[in-house]
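Before any comments, here is the structure.
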Amino acid sequence: MILSRALVAPACRRLFSHRSVSTLSSNPSIKAFPNAAPNSGYLLSYLNTIPPTSRLAIGACTQLPPTPQEFTENHEFLSILNDVLRRNAAQDPNLQSQAQAFAGPGQGGAGGAGVGGHVHLSDLRNPPDYGRIAFPEDILGSIEVDGHGKIIGKFEPSGTYRIVTNEGILGLSEFLQAKLIERLEEEEKSD
């Protein structure tokens, strides 16, 4: 009987012990894993893996929702995000629409008057009003557009982007979010 209890106890512990994972109200695709961060706070991730892979996490925070004052950004995640944006931003339907509007004759002062220029890829947590430019901390980067609204340049990170602001946390288009999650899953498999 003692032997069977010794074998059953670890199995029961695994079965009944679990972390309660929640999602963020401002971005339900982001999971918050309690007690997974070094400061016993939350580790934020797009991946479902338990325990979360800290190398691929967005960052850590001590409270939910995260605020700029207590959020710690994962620099490796930001590098992966920028690489995903470099490779995929030009195919993003939202950015393509913005490029077309930029070159359009009825752009209301928001465009390049038919000579081209740059459009900004902005975080969706705080979209700017039509014809306005997002706040610097909400601009993920920029891409060059010709006078006909065709994307001709490569994505360049802004350097001023912040993952968490007072307006919320990272918000990508469905297309770019899917590309980011796909890349994170590839990275996780290679670990």
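Position 38 of the sequence shown, counting from 1, maps to 38 under full-length UniProt numbering, and the rest follow consecutively.
Glycine included, every Cβ here is placed at the ideal spot set by N, Cα and C.
Quick one: what's got a C-beta closer than 6 Å to residue i's C-beta in the same chain, skipping five residues either side?
| i | result |
| --- | --- |
| Leu-170 | Ile-163 |
| Asn-82 | Pro-157 |
| Gly-41 | Ala-60, Cys-61 and Thr-62 |
| Val-21 | Lys-31 and Phe-33 |
Below 8 Å on the Cβ atoms is my guess for residue i versus residue j; work out the distance and round it to an integer in Å.
| i | j | result |
| --- | --- | --- |
| Leu-184 | Leu-24 | The Cβ separation is near 16 Å, so there is no contact. |
| Asp-92 | Ser-173 | 6 Å |
| Pro-68 | Leu-44 | Wrong, their Cβ atoms sit about 14 Å apart, outside the cutoff. |
| Tyr-161 | Leu-140 | 5 Å |
Does the Cβ-Cβ distance between residue i and residue j come in under 8 Å?
| i | j | result |
| --- | --- | --- |
| Thr-53 | Asp-138 | no |
| Ala-90 | Phe-33 | no |
| Ile-50 | Phe-77 | no |
| Gly-149 | Gly-104 | yes |
| Phe-135 | Val-119 | no |
| Glu-188 | Leu-56 | yes |
| Gln-96 | Ile-151 | yes |
| Gly-116 | Val-84 | no |
| Leu-176 | Asn-74 | no |
On the CB-based measure, 16 or more other CB atoms within 10 Å of its CB, does residue i come out buried or exposed?
| i | result |
| --- | --- |
| Ile-133 | exposed |
| Ala-178 | exposed |
| Glu-38 | Looking at the sequence itself, residue 38 is Pro, so the reference to Glu does not match. When all chains shown are included, Pro-38 counts as exposed. |
| Asp-123 | buried |
| Gly-131 | exposed |
| Gly-159 | exposed |
| Glu-186 | exposed |
| Asn-27 | buried |
If you drop the 5 nearest sequence neighbours on each side, which residues of the same chain put their C-beta closer than 8 Å to that of residue i?
| i | result |
| --- | --- |
| Glu-167 | Arg-125, Asn-126 and Asp-138 |
| Leu-64 | Ser-22, Leu-24, Ala-32 and Tyr-42 |
Near residue i, what residues of its chain come up, given a Cβ to Cβ distance below 7 Å and the 5 sequence neighbours on each side ignored?
| i | result |
| --- | --- |
| Asn-94 | Ser-173 |
Which full runs of the beta strand (DSSP E) of 3+ residues lie inside the stretch 83 to 133, going along the chain? Secondary structure in the stretch 83 to 133: the beta strand (DSSP E) runs of 3 residues or longer, each lying completely within the stretch, are 117 to 122 in chain order.
For the stretch 30 to 88, which segments carrying the alpha helix (DSSP H) assignment without a break, of at least 4 residues, lie completely within its bounds, in sequence order? With a minimum length of 4 residues, the continuous alpha helix (DSSP H) runs that stay inside the stretch 30 to 88 are 75 to 88.
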